[in-house]
Structures are given as C-alpha cells and as structure tokens.
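The opening residue of the sequence shown carries number 1 in the UniProt record's numbering; numbering runs sequentially from there. From the three backbone atoms N, C-alpha and C, an ideal C-beta is built for every residue, glycine too. Everything numeric in this text was worked out from a predicted model, so none of it was measured. Here is the structure we will look at.
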Amino acid sequence: MKNFKDKVIYQIYPKSFKDTTGNGLGDLKGIIEKLDYLEMLGVDYLWITPFFKSPQNDNGYDIEDYYKIDPIYGSMDDLEELIAKAREKNIYLMLDMVFNHTSTNHIWFQKALAGDEYYKNFYFFRKNEGKLPTNWESKFGGPAWEYIEDLDEYYLHLFDKSQADLNWENPNVRRELIKVLNFWLEKGIRGFRFDVINLISKDKFEDDFEGDGRRFYTDGKKVLEYLQELNKNSFGKYDDILTVGEMSSTSIDNCIKYTNPENHALDMAFNFHHLKVDYKDGEKWSYMPVDFEEFKDILEKWQIGMEEGNGWNALFLNCHDQPRSVSRFGDDKNYLKESAKLLATIIHMQEGTPYIYQGEEIGMTNNYFADISDYRDVETINHYHILKEKNISNDEMNNIIQTKSRDNARSPMQWTKEGGFTKANPWMKVNQNTAQINVEENLKDPDSIFRYYQKLIEIRKKYKVISHGSFERLFKNDKNIYAFRRKYNNREALVINNLSKKQVKVKIENVAEYKVILSNYKDEIIIEELKLRPYESIVLYK
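What follows is the structure in structure tokens.
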C-alpha cells in the first residue's frame, strides 16, 4: 500500500522561481540553488510545471517535445542533477504532464498539417462544411475550432489555438504517451501531475445550446479506462510513484472513481469548485465578493463525499492558475499574517494531501498591476479585449483583471527586499510589496508565515489523526466559523477558524481535555467559551 497520506507537495512555477543565468527567467539550476530552503520547509515532493520544449504561448502548457528540456530552463544534465540532489534531501520530483493537447509546433501536428493521415488521426480534424464543426467555446475565449486553409479543415483546441487536442480514441496516441511516462520514470521521476486529464475522452461532437460545450467532453465515458491503461503500463508498475489528476468541472463521483485505490488509476484529484465562489453567475471574468457559505459547504461536501467513497483529495487554495488566496479569501492589507495562517490551517488540517504553491508560504499577495501591459498571461489578455468589447467601465474592468488574472500567481518569487529573483529585468514585474513580503524577512521572524507552514507540515507527520482521520464539520450555523473534527483511533483534533474580521464566540465542551497544538495568535487562551479574534485559527488535540 502506498504511503502518501502524510506527504506535502510544493509546486514550483520554474519561470518565476529563481533565475541563475541573468536572462530574467527562472531555471532548473535556480531550483537546485534553493533545495536547502525547500528542505527547511519540510516538503516531500516538488511538482514542477512544464519545462519541456515549448513555444511558450501558454507558459509551457503547449508542449512541442515531451522528451526535451526547453533551453530557457536549462539542460537534461541540470534536471538529472536536480533529481539526484533533491533525492539526497528525501525530496522527489513530480512532473506536469500535459496529455490533453500538444503544441501545434509538435512534430505530430506538423506531420498532420502536411497531410499525413496517420498523424492527422492523432488529433481531431473535421471537414469544412460551411460552418464550425460545433459551437463549443475555447477556455481562453473564442471558438474551440481553428480553420486550416491548406486542408480546408478545422482542428479542435479546447485551450489556445496553438494547443491542439489529442485524440485518445486512437490507441497509437496512448502508446506514445505511455512511452513518455516510462522515459521519465527511468530518469528517476517519482510523481506525475496530469493536466486537465478528465477531458481526454471525447466521442460526442454536438452543438451545445445550453453551455460552452464542456458537458460533451468533461468526464467522458472512457477517462477511467484510459487512466487505468496508463497506470498498468507505466507508473503502476512501481509502488512509490505519486499521481494526481487535475479535474476540470468534475464531480465527486467521478473523482472517487479516478482515485479509489481499487480502480488502479490515480492517487488523488484536484477539483476547483471551491475556487468558483467569487464567479458571478458562474462567470470567471466577473467581479463578486467571495460567498463564504458556499465555500464552506463545498469544502465539507468534498471532504465527506470523497471519504465515503474511498477517494482522496488534493488540497489547495493556490496554484499557477489561481489568484493568491490571501488576497482572495483573507485580508492582505490589515491581517496578512493572521489570514494567511488561517487559510493554511484550513487546507493542511483537512483530509487529503496538501499542496503549497511557491510564495504561499511567505504570504505573497495579488500583484494589483495598474496597466494591462504589465500582464503576460494569454488568457488574461484575451479576456481584457473581450471585456473591452462589452463596454464595461475601466474601473470595473481593472478590478476584474486584478482579482482574476492567473498572473497574480506568476510574478517572480520574492526572495529578498529587492526581489532576489534575478540580476536582470524579470520576465514579469516583481510585486511592489517585495520589500515587506519576502523569504529573507520570513526566516528572521520566529512568528512568520513560513515558520507556521513548517509547523503545519510537522503536525501532519506527527499526528495520524491529521493524516488519516475522519472529517466532521462543526458549528455549521455560525456564518463566520469554519470548524471541523478529525478522529482516528481514540485520537481527536478540533480545528476552529474565524473567517471574519469580527470577534466571534465559540463554546467548546470539555475544553480541559484538549491541548493546543497550533494557533495563529501568540497568546491563545483556552476556556470553555473561546473568543476568537479576527482570522483566528486554533487546533486542539486530545
């Protein structure tokens, strides 16, 4: 049986982590340079977003060659050194595999464009019959079909037009992707994160008159079968490989199916429902305050649902595709430290495997860029133009872009007061608050957000009730509180979080039986009627 329940995973966006060459872009040597820092934090795996050869239209999620390192990040020698040096510190690498689509620069697609029928069948080409094959929309805006004049055909791209969707119905495609996994396993890679992997089974091409098309291609009927085939022929042959699937617009039932160990597919799944609670009418590119009632209900529903079905959650609030959680769910102006620690407590004390996104552990915030020229993300720039066409006021448009852009997560890591990411001009502006929020200052302060993350990781490894315990939500009727009980073998932990700026009272029965194992305020006082201060978070154990 795999032992991953007490593990913690750290996500690195290499382009923004650490530049060692002076070209303004992070690189693999930069990760090597910071291994001591990651060891000090206490993480077990590094999930590194794609550094494969790519035209970088979607920052590496448009892969041109699954076997080659993009020179902007370094070389295969650098990667092999990183694998070896990380392993010396008991840290293992998890690669990000983008198997739903390839770059249109990929040799397979180039051969398809040249009319090679074998490779055309690697993708979804449809004859031009005077209209688009379906009315589906791309996730990045506009139609999901692109016309090729020379072929008089369209091809499918659920994302950018430079990211052509692969046809998993074709067994030759699956064989090629299994070869890719085995190549990296032999190199010593010990984990895989599969990008939008529940979109790989597409067999219904119909117009969608109710939505954007996703109901016809999300969680298709063969996703589990395809994952089992990957498992059986690659990572499933090892007992120490960690796998996680990114699931787009998915359901609990499907994620149970993909992650129940009896099904021999994946170890855990990401879902994003809890990160859509500030989408007005379900629309990402809109402005709405967070609906905390819905947020808490969704967390509870996934905790209980996955536990009952023997599935496993990947726990997170931050990643390269999401705004910074402390700006979104906390108060990054008045209660940065308290709210950052509270959000970390919620994630790390739940049932599942916690993920930390670079900079989260020091309280990095949204960028609040004032000008669209400061943004680099293709999705942000596309939607800026879409919003402009809707005649939305400049203030509202800037507010939407500032709160929703993926670039909030992608600005360079703040190592020092001066930034410390590069000696050159960075590929994207460093957040102007780096003078206050940086690694250097966090390491000096015994009460810092970084030190709190260290404690969270220690607690998960020390207390089986956190890594293995059941979940039960408490104080449901209090709109300011998100609290839950974890139980395992006569051990119990109470996790109580005040999500508001108000003081909130909570009554704890038999409080004398508990001890405090974690608090985000220095001077916690444990009495039967707790008076929780703004964004106060406390973990009690018996």
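{"query": "Whole-number beta carbon distance between Val465 and Ala483, since they are thought to touch under 8 Å", "result": "Incorrect: roughly 15 Å between the Cβ atoms, too far for contact."}
{"query": "Residue range of the alpha helix (DSSP H) that includes Arg451", "result": "Ile449 to Lys462"}
{"query": "Straight-line gap, Phe51 to Lys479 (C-alpha atoms, nearest Å)", "result": "43 Å"}
{"query": "Ile449 and Ile362 closer than 8 Å at C-beta", "result": "yes"}
{"query": "Coarse secondary structure for Ile362, derived from DSSP in three states", "result": "helix"}
{"query": "Alpha carbon of Ile527 to alpha carbon of Val511, nearest angstrom", "result": "7 Å"}
{"query": "Distance CB(Arg410)-CB(Tyr73) smaller than 8 Å", "result": "no"}
{"query": "Boundaries (first-last residue) of the alpha helix (DSSP H) holding Gly305", "result": "Phe292 to Glu308"}
{"query": "Residue burial classification, Lys179 (beta-carbon count within 10 angstroms, cutoff 16)", "result": "exposed"}
{"query": "Contact the stretch 232-246 vs the stretch 277-297: 3+ CB pairs below 8 Å", "result": "no"}
{"query": "Contact between the stretch 128-144 and the stretch 212-224 (3+ Cβ pairs under 8 Å)", "result": "yes"}
{"query": "Every unbroken beta strand (DSSP E) inside the stretch 245-270 [3 residues or more]", "result": "268-270"}
{"query": "Expected contact under 8 Å - CB spacing of residue 585 and Met94 to nearest Å", "result": "The shown model of the chain, from 1 to 542, leaves out residue 585, and the question about it has no answer."}
{"query": "Closest Cα partner of Asp332 within the set Met364, Glu225 and His157", "result": "Met364"}
{"query": "Chain-order list of residues whose beta-carbon lies under 6 Å from that of Glu300 (same chain, five-residue window excluded)", "result": "Arg473"}
{"query": "Contact check, Asp165 vs His157, beta carbons under 8 Å", "result": "yes"}
{"query": "Proximity of Lys85 and Thr353 at Cβ, strictly below 8 Å", "result": "no"}
{"query": "Spatial distance of Ile91 from Asp44 (CA atoms)", "result": "5 Å"}
{"query": "Range of the contiguous alpha helix (DSSP H) that encloses Pro171", "result": "Pro171 to Glu186"}
{"query": "Beta carbon of Ile437 nearer than 8 Å to that of Gln414", "result": "yes"}
{"query": "Whole-angstrom distance between Asn254 and Glu440, CA atom to CA atom", "result": "43 Å"}
{"query": "For Asp447 and Asp207, the rounded distance between their alpha carbons", "result": "55 Å"}
{"query": "Cβ-Cβ distance between Phe19 and Leu28 below 8 Å", "result": "In the sequence as presented, Phe is not what sits at residue 19; that position holds Asp. It is not a contact, given that the beta carbons lie outside the stated cut-off."}
{"query": "DSSP-derived helix/strand/coil call for His106", "result": "coil"}
{"query": "Range covered by the alpha helix (DSSP H) that runs through Arg328", "result": "Ser325 to Arg328"}
{"query": "Cross-strand partners of Lys280 (DSSP beta bridge)", "result": "Glu283"}
{"query": "Residues near Lys2 by beta carbon distance below 7 Å, same chain, minus five either side", "result": "Asp239 and Asp267"}
{"query": "Inter-stretch contact at 8 Å, needing at least 3 Cβ pairs: the stretch 185-204 / the stretch 98-118", "result": "yes"}
{"query": "Option in Thr21, Ile538, Lys515 and Leu530 with minimal Cα separation from Tyr521", "result": "Ile538"}
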